[in-house]
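In our numbering, the protein residues as written are 323 to 696.
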């Protein structure tokens, strides 16, 4: 599986544990953009566990798109408070998408950061989680005149441009102000399509803009892209990666690896279209990412679980108003309906994940020795 030279006395491997590899990469770069698909419990749990190792390596920031930048003051206060504030933590996710993003594993990342800070000497710098999200559509249903706030055209009108591109500029600016200008380092957890660096993808004949594109133009080799398995939208490539790992002599359960040092880097991409350095060309994994993080195959993934008791008497009116902006109707939504919508949303998380190509049934064998007709 590896291209590294093998010593006759003691075989060597470029494989590392997933945490060791991410920490080493983050120590050598100012920013590591870590691409993922939303809601995979194993991946989010991995982030919770690796925070102390990142801190020891001098990486004192985790940035992500799962809390809004407008609540950064509340987030900083949460992570440096004397006691853990469960309600305050949940409210950060409510601010992001109302009832639409209230998952236990993401809350555990914040609790892990709080626990890390509690363990530090008083003079030591605190570990920060930096929120990169921001409201992408009208939240007040009274301003919508019965239209849905989820409509793409309405988002673009409200924001004065394509919300995807505006989000990219906002997140890049937030990282610059919160991390880079202070000389800090960060691991940045985002959806995979936001983390492309050299790769420019096209949509309807126009180039798209990602956070990674903007930062790579400015920082060059100071930013690296690492990807969790399955975060590149190419089902055939994911299938090829899984077959290579299944055949690897090391039989790894989890690992991280530089794609320049692995045969994984030569896996071709058939479903990803874009250009590198202004030229359209055939793409391989090592063309679009620097490192690969493997925590298990796609079939092993499980969805994040809901935080319990999110909808309360105190916040119900606010949550109902937020949801009615997305799905308008004349009468208010009930508390039971909102809770069922949360449950349905959780069960549908995996529908958005990359799927491996369907296995085609082999054609039925024909009998070569047919009985002659009389």
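Ideal placement from N, C-alpha and C gives every residue a C-beta, glycine not left out.
- Non-local C-beta neighbours of residue 620 in its own chain, meaning closer than 8 Å and more than five positions away in sequence, comprise 551, 552, 560, 564, 675, 676, 677 and 678, ordered along the chain.
- Taking C-alpha positions only, residue 608 is separated from residue 513 by approximately 19 Å.
- Residues 417, 418, 453, 455 and 456 of the same chain have their beta carbon placed closer than 6 Å to that of residue 390, with the five preceding and five following residues left out of the count.
- Excluding the 5 residues flanking it on each side, residue 411 has same chain C-beta neighbours closer than 8 Å at 400, 429, 432 and 433, in chain order.
- In this structure, the CA atom of residue 414 is about 11 Å from the CA atom of residue 398.
- Taking 8 Å as the cut-off, the Cβ atoms of residue 549 and residue 344 do not count as close.
- Taking a C-beta distance under 8 Å as the contact criterion, residue 458 and residue 485 qualify as a contact pair.
- A straight line joining the alpha-carbon of residue 543 with that of residue 589 spans about 23 Å.
- By the C-beta criterion, the segment 621–640 is judged not to be in contact with the segment 587–607, since fewer than 3 inter-stretch pairs fall below 8 Å.
- In this model, residue 646 and residue 447 are separated by some 42 Å (Cα to Cα).
- The alpha carbon of residue 467 has as its nearest neighbour, out of 592, 652 and 376, the alpha carbon of 652.
- About 6 Å separates the Cβ atoms of residue 613 and residue 578, confirming a contact at the 8 Å cut-off.
- Checking the DSSP bridge columns, you'll see residue 364 has no partner listed.
- With a 10 Å radius around the Cβ and a threshold of 16 neighbouring Cβ atoms, residue 592 comes out exposed.
- In terms of Cβ geometry, residue 354 and residue 554 do not form a close pair [threshold 8 Å].
- Runs of the beta strand (DSSP E) spanning 3 or more residues and lying entirely within the segment 595–638 occur at 596–598 and 613–616, in chain order.
- Secondary structure of residue 436 (DSSP, three-state): helix.
- By the CB criterion at 8 Å, residue 383 and residue 507 fall inside the cutoff.
- Ranked by Cα distance from residue 392, the first of 483, 492 and 363 is 492.
- When rounded, the separation of the alpha-carbon atoms in residue 499 and residue 536 is 14 Å.
- Taken through DSSP and simplified to helix, strand or coil, residue 456 comes out as coil.
- Shown here, residue 486 sits in a helix according to DSSP, grouped into three states.
- For residue 413, the enclosing alpha helix (DSSP H) stretches over residues 408–419.
- Taking C-beta atoms under 8 Å as the contact rule, residue 470 and residue 649 qualify, at a distance of about 7 Å.
- Taking the Cα positions, residue 547 is about 10 Å away from residue 347.
- A distance below 8 Å separates the beta carbons of residue 618 and residue 364.
- The three-state reading of DSSP puts residue 466 in coil, since its state is none of H, G, I, E or B.
- Counting only residues of its own chain and dropping the five nearest sequence neighbours on each side, residue 490 has a CB closer than 8 Å to the CB of 516, 531, 532, 533, 535 and 536.
- Listed in chain order, the non-local C-beta contacts of residue 482 below 6 Å within the same chain number zero, local neighbours out to five positions each way being set aside.
- Of the other Cβ atoms in all chains shown, fewer than 16 fall within 10 Å of the Cβ of residue 665; this residue is therefore exposed.
- When the Cα atoms are used, residue 367 and residue 387 turn out to be separated by approximately 16 Å.
- Shown here, residue 570 sits in coil according to DSSP, grouped into three states, outside any helix or strand.
- By a beta-carbon distance limit of 8 Å, residue 373 contacts residue 438. Their separation comes to about 6 Å.
- Nearest Cα to residue 599 within the set 539, 504 and 378: 539.
- The criterion of a C-beta distance shorter than 8 Å is satisfied by residue 626 and residue 361.
- In the displayed model, residue 578 falls within a strand according to three-state DSSP.
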